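Since the structure comes first, as structure tokens, the remarks are kept for the end.
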Amino acid sequence: MSAVAARYDVVVIGAGHNGLVCAAQLARAGRRTLVLEARARVGGAAVTREFAPGFRASTGAHLLYGLPASLDAELGLAGHGLRSAAERLPTTSLLPDGTIADVDPGPAAIEGAARAAFDRRIARFAGYLAELHARVPPRLGTPDWSDRFELLRAGFGLRRLGRRDMRELLRIGAMNAYDLLDETFESPPLKGALAFDAVLGTNFGPRSPGSVFTWLHRLAGLGAGGGRGLWCPQGGVGALSAALESAARAAGATVRTGAPVARILVEADRATGVELDDGERIEAAVVVSGADPKTTLLRLLGARHLDAGFVRTVRHLRNTGLAAKLHLALDRAPQIVGVDPARLRGRLVIAPSMDYVERAFDHSKYGEWSTAPALEITLPSLADPSLAPGGAHVLSATVQYAPYTVAGGWELERPRLMEALLDALERHAPGLRRSVVAAQLLVPPDIEREYGIAGGHWHHLELALDQFHLLRPTPGARGHATPVPGLYLCGAGCHPGGGVTGLAGRNAAQFILRQSE
Amino acid sequence: MIETASSGTAAPHYRQPLLGTPFHARSRALAQVDQYVAWSGYSTVDVYTTVEQEYFAIRNAATVYDITPMTKYRIAGRDAVAYLDRLVTRDVARLRTGRLGYCLWCNDDGELVDDGTLFRLGESEFRLCAAMRQIDWLEASAIGFDVSIEEVTERIAALSLQGPVSCAILKAAGLGEVATLPPFAIGRYDLDGIELTISRSGFTGDLGYEIWMDPSAAEAVWDRLFDVGRSRGLRAIGSRALDLARIEAGYLSPWIDFVPAEHAIRVGRARSPLELGLERFVDFDKGHFTGRRALLEERRRGPRSCLVGLDVEGNKPARAALLYADARCRREIGAVTSAVWSPTCKRNIAIARVDAPFSALGTSLWAEIYLNRELVWERRITRARVVERTFFAPERRRATPPADF
Ligand SMILES: Cc1cc2nc3c(=O)[nH]c(=O)nc-3n(C[C@H](O)[C@H](O)[C@H](O)COP(=O)(O)OP(=O)(O)OC[C@H]3O[C@@H](n4cnc5c(N)ncnc54)[C@H](O)[C@@H]3O)c2cc1C
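Next comes the structure, spelled out in structure tokens:
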């Protein structure tokens, strides 16, 4: 055990992308900042790694949809090496009969007129949500004017939509995607693909109430992305984290990897620093955690520093993930029936109809995976050859739905799900199986272990109306503050939730700076 | 016929909603006026003979009160001390083995969930006694602690032996060593092969003991106490007489003097220890406990109301009286929660909630008392004064060894 080392203004637990954004912003504001990351690499779930010799994939997030263009600019990420490998990636829906559907908007869009009108309106709603995302939710019941102003502002934003839009948003806000899409469109593939986006990364099926909200949440991210649409950096999503690390360092922050925090130190009811697994203690005036709220509050801080009712609330936060990741190392470029090379570089989805997605979801409710899974597939090495040896390729797919707990246990079920996935892919890419040289399947418990996210959830905590804005991470949360003075949260478990957006980290830095003014 | 919990033949709970305690056969024989009340699933005696007769035995001789229905939890495990320190407002680490203490526990908002007594039976073994069941709150509080919580109410029979002659009776019964037991201490004794735990504690504010035993020993212990106690004035008492004594001692009763926080439905009805005048049982310096931050904030702001003692003019108990700042009853400032004419103090006393500005000792208030005189209601506006809430606290309650009466 070593004694007290250095004193920092701020210690950030976890070099996930949010932790890095937060650290960079605090360092830029002149705070002596230290980031402590448990793993050997930065990025958390925004990472690109070798999963088989010579093959690299973005093994958590694999497509960016929510990084605000303003954040790139603020941190000068281009100057820190961030390049895009591919932008405005098209989405192609693979259909059971071997045909495909182009489900993107545009002049040639399916049900073009209806689509355009619908998209315009939905974009206004997403725009309103994006405004909420970019700001720290107000605290209720404080005499503070900034909180009242923030609340007014949120209400005002809603009013500004105008009477008809506001009424419509209130109508659909808590609705399910299935019904909304059904009343708007005819085409099953279109509805299937859009419904898939609505529920991607959540514990919802298209028919679950609140799935319109989760869709708007995703669209809000896309809207703020500066027209890049779905995109991927050169070198994979991990390159973004590397750029963020570089920006944080350039601003003066210190980043230490391989430094797992064992606990948060509290003295006289104030966070005073952290203790690492090896006993090293680091003092700081402020501790910010980018780890998920359950890990931070129940494991690193501990129930004894918190009120019993609050602990019960935290314990009941829904945080088990339902998305898995599949990574295949292929010895040649895959041929997918009906998909031309340009579309092959984009995003492929297997979600041919809303009922297909809903059925896949149904299984998950009972601790099963579906033999007809809904998939989001990318072939990143087509645009970025650095990811695989010459001529070889990488397939990365997000799998909906793989429950955290399966009847039978994952040891037994993992290989069986892998087989089912290969079968599903083979149907659209005959011969793919034979080209697989290595394969990796990360189910939620693996994600929990790999990334240190309790429950392995995309958003750390379920993204749902009852765990959003004023209610995130807990009802009555006071912005990024925790009940323990000096301890803050900055990860995806905070408002506005997950996805690689950096918003939680940026908002947290803002909040902390405002508190210490 | 009422089944006893330990008889083993108890009818299914839904057919027999109220159980008898292991003392039921004995108390039944003495319950002359057949007045029973339900207490936590047990049938217990409200009045044996007359309230007055029983009350005077508490203050002048000795009494036995069956406290078996008191909810008892065994709390043990590696983190028992840490768990309890986070649960209750007093410093549990400083409670020595073999001691007990009065304690309070609050919700996150610093509102009183309940009060009770905590017995430290071993390094990491405790018993918590409370008026109500609350396993839900205790278990919610256990998240993150290595501790086991078990309700043991039915496994332990208990009698409260109270009054100036209580020690003398124990000595006569062959439990002479009890005399050395100081207040709030716990001892283990052997009564002809019966294992007893005796604590110097009670709810009367006077000298007294609580005797804890296996239910199978209940009748033998009862008989022994009455064999030696009858000639010393020992009586069995019911809840009504005890209520008189506890008001004199200034002790609070849940549902009467405060609404337990987890049961309060209306906003603002629950009370904090600061509002209940129990701040001395709140240790802000011991580390974190549930409600601490809210209580610190409340202390900074000042509580909204206070539970005070009142000395009311005249001799008509101010039961449920509304309180006013002025004799013309224009400004309502509180209400009486408990009130009696105290035969021992010869004072008309009450416990009352008053708005904070009217809580200082000596403040003069007006109570609106309604009297029903042969079905004719009379309204009296009577002067009352804020006084210490402990109306009766004789020196003998503390003396060790207690004087022989
Ligand atoms: C299967 C899956 C697929 C996804 N796909 C996409 C996608 O395609 N596009 C997208 O935008 N988003 C996607 N997401 C969501 C996105 O990856 C996350 O929301 C985002 O990465 C969360 O970032 P974060 O910084 O808040 O937290 P994290 O990335 O979880 O970072 C937290 C960091 O804290 C560290 N940590 C934890 N405990 C400790 C400790 N005790 N000491 C020190 N460090 C600690 C962890 O190691 C980790 O580095 C996906 C998520 C999953 C699970």
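Listed in order, the protein sequences are those of chains V and P. Taking the working numbering, the leading residue of the first sequence gets 114, the next gets one more, and so forth. Taking the working numbering, the leading residue of the second sequence gets 749, the next gets one more, and so forth. Think of the CB as a built atom: it goes at the ideal place given N, C-alpha and C, for glycine as much as any other residue. Quick caveat, the model's predicted, so the values are computed rather than measured.
Is the beta carbon of Thr1038 (chain P) sitting closer than 9 Å to the one on Gly422 (chain V)?
-> yes
Contact with chain P by Ala404 (chain V), beta-carbon distance below 9 Å = no
Does DSSP classify Glu526 (chain V) as helix, strand or coil?
-> helix
Please classify Leu555 (chain V): is it buried, with 16 or more other beta-carbons within 10 angstroms of its beta-carbon, or exposed?
-> buried
Comparing the C-beta of Arg881 (chain P) with each C-beta of chain V, is any distance below 9 Å?
-> no
In chain order, what residues of the same chain lie with their CB nearer than 6 Å to the CB of Ile815 (chain P), ignoring the 5 residues before and after it?
-> Ala906, Ser908
Using CA coordinates, which residue listed in P:Ser788, P:Leu843, P:Ile1099 is at the minimum distance from Asp991 (chain P)?
-> P:Ile1099
Would you list, in sequence order, the uninterrupted alpha helix (DSSP H) runs of no fewer than 4 residues that lie entirely inside the region 889-947 of chain P?
-> 914-920
How long is the line joining the alpha carbons of Gly1016 (chain P) and Lys820 (chain P), rounded to whole angstroms?
-> 29 Å
Per-residue DSSP class, three states only, for Glu958 (chain P) = strand
Within its chain, find whatever has a CB closer than 7 Å to the CB of Thr327 (chain V); leave out the 5 residues flanking it on each side and keep chain order.
-> Ala311, Val312, Thr315, Phe317, Leu576
Should Phe893 (chain P) be flagged as near chain V, meaning a C-beta pair shorter than 9 Å?
-> yes
Can you find a C-beta in chain P that's less than 9 Å from the C-beta of Asp420 (chain V)?
-> yes
Could you list which residues in chain P have their beta carbon closer than 7 Å to that of Val424 (chain V), in chain order?
-> Ile891, Gly892
Given Ala333 (chain V) as reference, the closest of V:Glu380, V:Leu242, V:Arg369, V:Leu190 once Cα atoms are compared = V:Leu242
Contacts of Asp579 (chain V) in chain P (Cβ-Cβ under 9 Å) | Those do not exist, as Asp579 (chain V) stays about 19 Å from chain P at its closest Cβ, beyond 9 Å.
Comparing alpha-carbon positions, which option in P:Phe1006, P:Arg1078, P:Gly1110 lies nearest Ile1129 (chain P)?
-> P:Arg1078
For Asn1063 (chain P), count neighbouring C-beta atoms within 10 Å of its own C-beta (all shown protein chains included) and say buried if the count is 16 or more, exposed if not.
-> exposed
If you compare alpha carbons, which of P:Leu1022, P:Leu767, P:Leu918 is closest to Glu1046 (chain P)?
-> P:Leu1022
Starting from Ala590 (chain V), find everything on chain P with Cβ-Cβ shorter than 9 Å and list it in chain order.
-> Residues of chain P passing the Cβ test: none, with the nearest at roughly 13 Å.
Where does Asp497 (chain V) fall in DSSP's three states?
-> coil
Contact between the region 788-807 of chain P and the region 847-867 of chain P (3+ Cβ pairs under 8 Å) | no
Flag Glu358 (chain V) as yes when its Cβ comes closer than 8 Å to any non-hydrogen atom of ligand 1, and as no otherwise.
-> no
Kindly say whether Gly599 (chain V), judged by its beta-carbon, lies nearer than 9 Å to any beta-carbon of chain P.
-> no
Residue closest to Arg936 (chain P), alpha-carbon to alpha-carbon, out of P:Gly953, P:Ala1073, P:Ile959 | P:Ile959
Where does the unbroken alpha helix (DSSP H) through Val312 (chain V) begin, and where does it stop?
-> 301-312
Does any CB atom of chain P fall closer than 9 Å to the CB of Ala416 (chain V)?
-> yes
Identify each residue in the region 794-815 of chain P for which the Cβ-Cβ distance to at least one residue of chain V is less than 9 Å, and report them in chain order.
-> none
Ile285 (chain V): first and last residue of the uninterrupted alpha helix (DSSP H) it sits in = 276-285
Kindly examine ligand 1 and report whether one of its heavy atoms sits closer than 8 Å to the Cβ of His130 (chain V).
-> yes
Neighbour flag for Arg428 (chain V) against chain P, beta carbons, 9 Å = yes
What does Asp382 (chain V) touch in chain P if you count any residue whose Cβ is under 7 Å from its own?
-> His1036
If you drop the 5 nearest sequence neighbours on each side, which residues of the same chain put their C-beta closer than 6 Å to that of Arg585 (chain V)?
-> His608
Would Leu329 (chain V) pass as a contact of Phe262 (chain V) if the rule is Cβ separation under 9 Å?
-> no
Spell out a yes or no on whether the region 411-420 of chain V and the region 369-378 of chain V are touching, meaning 3 or more CB-CB pairs, one atom from each, closer than 8 Å.
-> yes
Please indicate yes or no: does the CB of Glu532 (chain V) lie closer than 8 Å to some heavy atom of ligand 1?
-> no
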